[in-house]
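Numbered per our numbering, the sequence shown spans residues 15 to 141. Working notes, beginning with the structure itself.
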Amino acid sequence: MIYTIGYAALGYEEQDIIKKLKNLIQTYDAHIIDVRSKPYGMVNLPELKKHLGDRYHWRGRTLGYPQYKELAKTTEIPYDNIILMCAEIDHKDCHRTEVAHILRDVRGRNEEIIHLLSPSTKNKTLF
Numbered sequence: 015m016i017y018t019i020g021y022a023a024l025g026y027e028e029q030d031i032i033k034k035l036k037n038l039i040q041t042y043d044a045h046i047i048d049v050r051s052k053p054y055g056m057v058n059l060p061e062l063k064k065h066l067g068d069r070y071h072w073r074g075r076t077l078g079y080p081q082y083k084e085l086a087k088t089t090e091i092p093y094d095n096i097i098l099m100c101a102e103i104d105h106k107d108c109h110r111t112e113v114a115h116i117l118r119d120v121r122g123r124n125e126e127i128i129h130l131l132s133p134s135t136k137n138k139t140l141f
């Protein structure tokens with residue numbers, strides 16, 4: 015299953031966001047795939063790695079840069095359930111939606127793509 019989320023929808027404090035990401039990992043038995051081109055902002059790479067451990071993966075070099083459409087076609091993500099994370103709240107304003115569709119094709123599965131907490135979808139609550 016492929017999920018997407020904009021972490022800005024999870025709050026404004028780093029510790030709150032990390033706590034909610036941990037909850038998402040448990041709820042969906044998933045790995046967080048960070049597709050931000052630069053792994054810092056409200057939530058920074060060292061803190062995410064420290065608190066989420068091996069369930070957090072920064073893939074900004076391949077999935078966050080302008081050439082992500084081509085790079086995503088060759089990117090393998092071996093986890094069954096993934097949550098593509100970027101900063102944008104609405105998936106329609108973020109490249110993670112395109113990345114999700116490309117990865118679904120690369121994975122060769124007929125997976126549903128679910129956009130968590132996006133104002134453009136009906137799934138606005140998680141916790």
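Cβ coordinates follow ideal geometry from the N, Cα and C atoms, glycine included.
Comparing C-alpha positions only, which one of the options sits nearest to residue i?
| i | options | result |
| --- | --- | --- |
| G67 | I47, I19, S51, V113 | I47 |
| N37 | T76, M56, I97, H71 | I97 |
| V120 | T111, L131, I91 | I91 |
| Q40 | T89, Y70, G122, I127 | Y70 |
| L77 | D107, I128, T111 | T111 |
| E28 | R73, Y17, L59, W72 | L59 |
| L131 | A22, I16, M15 | A22 |
So, under 8 Å CB-CB, residue i and residue j are touching, yes? Tell me the CB distance rounded to an integer number of Å.
| i | j | result |
| --- | --- | --- |
| H105 | G20 | 7 Å |
| D43 | N95 | 6 Å |
| Y79 | M56 | Incorrect: roughly 20 Å between the Cβ atoms, too far for contact. |
| L93 | H129 | Here residue 93 turns out to be Tyr, not Leu, going by the sequence shown. Not quite, the Cβ-Cβ distance comes to about 18 Å (not below 8 Å), so this is no contact. |
| T89 | R73 | 7 Å |
Report the partner residues of residue i according to the DSSP bridge assignment.
| i | result |
| --- | --- |
| L130 | I19 |
| D12 | Missing from the structure shown is residue 12; the chain here goes from 15 to 141 and no further. |
So residue i is in the alpha helix (DSSP H); what residue range does that whole segment cover?
| i | result |
| --- | --- |
| T111 | 110 to 121 |
| T41 | 28 to 42 |
| E61 | 59 to 66 |
| L24 | Where L24 is concerned, there is no enclosing alpha helix (DSSP H), given that its DSSP letter is neither H nor E. |
| K83 | 82 to 86 |
Touching or not, the stretch 41 to 56 and the stretch 91 to 103, by the rule of three or more beta carbon pairs under 8 Å?
yes
Okay, do the stretch 27 to 45 and the stretch 61 to 76 touch, 3+ Cβ pairs below 8 Å being the bar?
yes
Would you check if there are 3 or more beta carbon pairs closer than 8 Å linking the stretch 112 to 121 to the stretch 76 to 83?
yes
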